[in-house]
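First up is the structure itself, then whatever we jot down about it.
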Amino acid sequence: MAKSITRRQSIIYAAAGSLATAAVLGGLNEKSFCQSSEAAYPKPAMLPNPESPTVLVAYGTRAGSTMEIAAAIALALENRNFKIHLCPVQEAAGPKEYSYIVIGSAIRMGSPLPEVVQYIEKHQTEFAGRPLACFAVHLTNEQDDAISRQKRSAYLDPIRKLLNLNHEGYFTGVYNPAKLPFLEVLMGKLMKSPVGDFRDWNAIRAWGESIFLQESASVLNSRFVTAES
Ligand SMILES: Cc1cc2nc3c(=O)[nH]c(=O)nc-3n(C[C@H](O)[C@H](O)[C@H](O)COP(=O)(O)O)c2cc1C
1 MAKSITRRQS IIYAAAGSLA TAAVLGGLNE KSFCQSSEAA YPKPAMLPNP ESPTVLVAYG
61 TRAGSTMEIA AAIALALENR NFKIHLCPVQ EAAGPKEYSY IVIGSAIRMG SPLPEVVQYI
121 EKHQTEFAGR PLACFAVHLT NEQDDAISRQ KRSAYLDPIR KLLNLNHEGY FTGVYNPAKL
181 PFLEVLMGKL MKSPVGDFRD WNAIRAWGES IFLQESASVL NSRFVTAES
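Numbering (full-length UniProt numbering), first residue to last: 1 to 229.
Below is the structure:
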């Protein structure tokens with residue numbers, strides 16, 4: 001988690017973030033993210049098994065930082081031999097098509113984006129039996145104290161009201177006025193939002209490497225039990 005952010009740190013984060021983003025995404029444009037990750041990423045050392053479970057990684061974004069975080073999580077999962085579908089939530093098929101689901105949203109005015117909540121409302125009954133991991137991309141309440149943790153946890157309340165979350169991630173994002181419409185720049189100024197890229201790529205990758213570990217292990221165990229009995 002980013003702690004207090006000085007101007008010098010903002011500049012360092014922005015430079016590091018750009019480099020990391022370039023490294024993760026390899027210069028891909030948004031269109032290519034909407035396809036299966038097989039097309040979007042360099043092949044991992046181990047090719048996905050056609051029988052590997054498929055994970056939907058869907059995101060809601062306004063200025064792109066959540067999409068890039070979703071791409072890094074997708075890559076971490078792909079390296080674990082899952083098959084991945086990465087796309088904006090508006091373009092995602094229903095959960096029935098997938099074994100595991102990851103949904104990420106930018107946080108605006110304290111809430112996930114409407115299209116993310118709408119997707120979950122629309123498909124609420126189809127999530128049954130499918131482990132769900134949600135992440136929020138935000139800028140405030142990023143500290144490691146109890147009040148900050150409680151406040152950022154509330155960002156996912158509109159989703160938590162609808163579904164049980166098996167995994168939750170909270171990642172600091174980006175505030176870049178150059179990418180935002182005038183009114184939002186004005187709001188950012190009023191809120192004294194720090195300018196910069198505050199994404200912690202190690203934390204993002206670590207989350208992608210950790211989610212669904214238990215769930216996929218229990219699926220494997222039940223297969224062994226079935227095969228042995
Ligand atoms: C208009 C506006 C409202 C925002 N509201 C919040 C907020 O309520 N809480 C917060 O922590 N961050 C807030 N942010 C920061 C965003 O969550 C952050 O910039 C995030 O990286 C945006 O994701 P995106 O690039 O995918 O759109 C806001 C940003 C903007 C521009």
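C-beta: ideal position from N, C-alpha, C; glycine also.
Problem - CA-to-CA distance, residue 53 to residue 79, given in whole angstroms - result: Counting from 1 along the sequence shown, the entry for residue 79 is found at position 79. Counting from 1 along the sequence shown, the entry for residue 53 is found at position 53. Answer to the nearest angstrom: the Cα atoms are 13 Å apart.
Handout entry: Neighbourhood of residue 213 by C-beta distance below 7 Å, restricted to the same chain and skipping five residues each side
Key = Within the sequence shown, residue 213 is the residue found at index 213, counting from 1. Correct list: empty, nothing qualifies.
Problem - Beta bridge counterpart(s) of residue 178 as assigned by DSSP - result: Numbered from its first residue, the sequence shown carries residue 178 at position 178. Partner(s): none; residue 178 has no beta bridge.
Practice task
Tell me whether residue 65 counts as near ligand 1, meaning its Cβ is closer than 7 Å to at least one heavy atom of that ligand.
Solution key: By 1-based counting over the sequence shown, the position of residue 65 is 65. Correct: residue 65 has its Cβ closer than 7 Å to ligand 1.
Handout entry: Buried or exposed (CB count within 10 angstroms, at least 16 for buried), residue 109
Key = Within the sequence shown, numbered from 1, the residue matching residue 109 stands at position 109. Per the 10 Å Cβ criterion, exposed.
Problem - Nearest-angstrom beta carbon gap, residue 106 and residue 61 [assumed within contact, 8 Å] - result: By 1-based counting over the sequence shown, the position of residue 61 is 61. By 1-based counting over the sequence shown, the position of residue 106 is 106. That pair is a contact at about 5 Å.
Problem - Cβ neighbour criterion (16 or more within 10 Å) applied to residue 200 - result: Taking the first residue of the sequence shown as 1, we reach residue 200 at position 200. Buried, by the Cβ-count rule.
Practice task
Please state whether DSSP places residue 99 in a helix, a strand or coil.
Solution key: Residue 99 sits at position 99 when you count from the first residue of the sequence shown. Residue 99: coil per DSSP, three-state reduction.
Handout entry: Any non-hydrogen atom of ligand 1 closer than 7 Å to residue 195 Cβ
Key = Residue mapping note: residue 195 aligns to position 195 of the sequence shown, counting from 1. No, since every heavy atom of ligand 1 falls outside the 7 Å radius drawn around the Cβ of residue 195.
Handout entry: the region 80-87 contacting the region 110-119, beta-carbon criterion three pairs below 8 Å
Key = no
Exercise for the section: Return helix, strand or coil for residue 239, following the three-state DSSP convention. Expected result: Examination of residue 239 is not possible in this model, given that the chain is present from 1 through 229 alone.
Practice task
Report the residue ranges of all beta strand (DSSP E) runs contained in full by the region 44-91; include only those spanning at least 3 residues, in chain order.
Solution key: 54-60, 83-88
Exercise for the section: Please indicate yes or no: does the CB of residue 110 lie closer than 7 Å to some heavy atom of ligand 1? Expected result: What you label residue 110 is simply residue 110 of the sequence shown in a count that begins at 1. For ligand 1, at least one heavy atom lies less than 7 Å from the Cβ of residue 110.
Exercise for the section: Quick one: give me the first and last residue of the beta strand (DSSP E) that residue 137 is part of. Expected result: Position 137 of the sequence shown, counting from 1, holds the residue named residue 137. Where residue 137 is concerned, the enclosing beta strand (DSSP E) stretches over 132-138.
Handout entry: Coarse secondary structure for residue 94, derived from DSSP in three states
Key = Taking the sequence shown and counting its residues from 1, one reaches residue 94 at position 94. Three-state DSSP puts residue 94 in coil, outside helix and strand.
Practice task
Can you check DSSP and say which residues form a bridge with residue 197?
Solution key: Here residue 197 corresponds to residue number 197 of the sequence shown, with the count starting at 1. Residue 197 pairs with 174.
Problem - Sub-8 Å separation of residue 204 and residue 171 beta-carbons - result: Sequence index remark: in the sequence shown, residue 204 carries index 204 (1-based). Sequence index remark: in the sequence shown, residue 171 carries index 171 (1-based). Going by C-beta atoms, residue 204 is nearer than 8 Å to residue 171.
Problem - residue 128 vs residue 167 beta-carbon contact at 8 Å - result: As a working mapping, residue 128 is identified with position 128 in the sequence shown. As a working mapping, residue 167 is identified with position 167 in the sequence shown. No.
Problem - Three-state secondary structure assigned by DSSP to residue 211 - result: Taking the sequence shown and counting its residues from 1, one reaches residue 211 at position 211. Residue 211 falls in the coil class under three-state DSSP.
Handout entry: residue 188, DSSP secondary structure in three states
Key = As a position in the sequence shown, residue 188 is number 188, starting the count at 1. If DSSP states are grouped into helix, strand and coil, residue 188 belongs with the helices.
Practice task
Tell me whether residue 85 counts as near ligand 1, meaning its Cβ is closer than 7 Å to at least one heavy atom of that ligand.
Solution key: For the purposes of this step, residue 85 is taken as residue 85 along the sequence shown, with counting starting at 1. Checking the Cβ of residue 85 against ligand 1 gives no.
Problem - Distance between residue 103 and residue 96 (C-alpha atoms, nearest Å) - result: Within the sequence shown, the letter at position 96 stands for residue 96. Within the sequence shown, the letter at position 103 stands for residue 103. Spanning the two alpha carbons is a distance of roughly 15 Å.
Exercise for the section: Assign residue 58 to buried or exposed, taking buried as 16 or more other Cβ atoms, counted over all protein chains shown, within 10 Å of its Cβ. Expected result: The sequence position of residue 58 within the sequence shown is 58, counting from 1. Buried: at least 16 other Cβ atoms inside 10 Å.
Handout entry: Alpha carbon of residue 197 to alpha carbon of residue 136, nearest angstrom
Key = Here residue 197 corresponds to residue number 197 of the sequence shown, with the count starting at 1. Here residue 136 corresponds to residue number 136 of the sequence shown, with the count starting at 1. Approximately 15 Å between the Cα atoms of the pair.
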